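**Q** Numbering (this note's numbering), first residue to last: 247 to 379.
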Ligand code: FES
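#1: Candidates 312, 343, 349, 291: which alpha carbon is nearest residue 326's?
#2: Put residue 254 into one of helix, strand or coil per three-state DSSP.
#3: Tell me which same chain residues have a C-beta within less than 7 Å of the C-beta of residue 316, skipping the five on either side of it?
#4: May I ask you to report which of helix, strand or coil DSSP gives residue 308?
#5: Considering only residues of the same chain and omitting the five flanking positions on each side of residue 259, which have a CB-CB separation below 8 Å?
#6: Quick check: the Cα distance between residue 294 and residue 285, rounded to an integer number of angstroms?
#7: Return helix, strand or coil for residue 297, following the three-state DSSP convention.
#8: Grab me the residues of residue 269's own chain with a C-beta within less than 8 Å of its C-beta, minus the 5 sequence neighbours each way, in chain order.
#9: With burial defined as no fewer than 16 other Cβ atoms inside 10 Å of the residue's Cβ, what is the status of residue 297: buried or exposed?
#10: Going by the CB atoms, is the gap between residue 337 and residue 347 shorter than 7 Å?
#11: Let me check understanding here. Comparing Cα to Cα, which of 357, 333, 356 lies closest to residue 350?
#12: From residue 262 to residue 247, what distance separates their C-alpha atoms?
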């Protein structure tokens with residue numbers, strides 16, 4: 247069964263930003279990539295570094311004239327220990343995407359929050375970032 251945890255207000259993580267939270271004993275990085283939110287387990291599958299503290303970057307591709315161009319800026323995280331890179335949205339490794347990935351969690355932005363069965367929905371001015379584990 248999926249557990250749902252409200253972790254912060256949407257506005258607390260600006261575009262290009264991140265927030266590392268502890269949810270039910272797990273360290274999870276929440277990322278705002280151009281207004282889309284993603285959650286990654288904060289453990290690198292190589293040797294266990296706190297992956298979500300790594301550098302955000304893009305990928306280098308070639309344009310039509312074979313010149314290098316930077317694409318998908320801010321959509322890739324680079325592990326702070328040995329530099330392995332992962333797609334934030336899918337959790338997949340850039341060099342071995344079929345066999346190596348980081349656990350991801352669905353993220354939703356909830357306009358109303360129901361905390362307990364006997365309470366009433368509460369409207370908020372700012373959307374709430376909610377992780378489903
Ligand atoms: S621990 Fe992340 S690349 Fe080695």
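Here a beta-carbon is modelled for each residue, glycine too, at the ideal position from N, C-alpha and C. Treat the numbers as computed from the prediction; the structure is a model and nothing was measured.
**A** Answer, in terms of the structure:
#1: Selection 312, 343, 349, 291 evaluated against residue 326 yields 291 as nearest (Cα-Cα).
#2: Secondary structure of residue 254 (DSSP, three-state): strand.
#3: Counting only Cβ-Cβ distances below 7 Å, and skipping sequence neighbours, we find 304, 306.
#4: Assigned with DSSP and collapsed to three states, residue 308 falls in strand.
#5: Same-chain partners within the cutoff: 265, 276, 277, 278, 283, 375.
#6: Cα to Cα, the separation comes out at about 17 Å.
#7: Residue 297 falls in the helix class under three-state DSSP.
#8: Excluding positions up to five away in sequence, the list reads 251, 253, 377, 379.
#9: Buried.
#10: Cβ atoms of residue 347 and residue 337: closer than 7 Å.
#11: Nearest C-alpha to residue 350 among 357, 333, 356: 333.
#12: Between the alpha carbons of residue 262 and residue 247 lies a distance of about 31 Å.
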